[in-house]
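Heads up, the sequence shown is in this note's numbering, so the first residue is 130 and it goes up one at a time.
Positions of the beta carbon are idealized from the N, C-alpha and C atoms, including for glycine.
Note that the structure is predicted; figures quoted are calculated from it, not measured.
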Amino acid sequence: LTEERRKEFAKSVWKYAEHAKVAIRNIRRDANDEIKKCDGSEDEIKDGQNRVQKLTDQFVKQIDEIGKEKEKDIMTV
130 LTEERRKEFA
140 KSVWKYAEHA
150 KVAIRNIRRD
160 ANDEIKKCDG
170 SEDEIKDGQN
180 RVQKLTDQFV
190 KQIDEIGKEK
200 EKDIMTV
């Protein structure tokens with residue numbers, strides 16, 4: 130592959146990574162909506178939302194790491 134073509138592939142990796150991040154954020158929003166519907170104290174609701182946020186952050190970080198690894202693989206001759 131030419132360098133130009135490898136750069137195009139690397140750009141595609143980040144496009145797919147961004148789609149995955151958007152999907153995770155949508156799941157977070159849905160989970161937070163469900164948590165708000167539950168009968169519970171404000172502290173329990175806040176705790177649930179914090180746990181969902183931690184999971185969201187964890188998976189977004191994994192996506193970034195995978196994207197960097199794939200980009201490195203693609204750009205390696």
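- Query: Can you tell me the Cα-Cα spacing of Gln187 and Glu194, whole angstroms?
  - Reply: 11 Å
- Is DSSP giving Thr205 helix, strand or coil here? coil
- Just reading off the alpha helix (DSSP H) that Ser170 is part of, what are its end residues? Looking at the DSSP string, Ser170 is not in any alpha helix (DSSP H), and its letter there is neither H nor E.
- Query: For Asp159, which of Glu173, Gly177, Glu147, Tyr145 has the nearest alpha-carbon?
  - Reply: Gly177
- Item | Per-residue DSSP class, three states only, for Thr185 | helix
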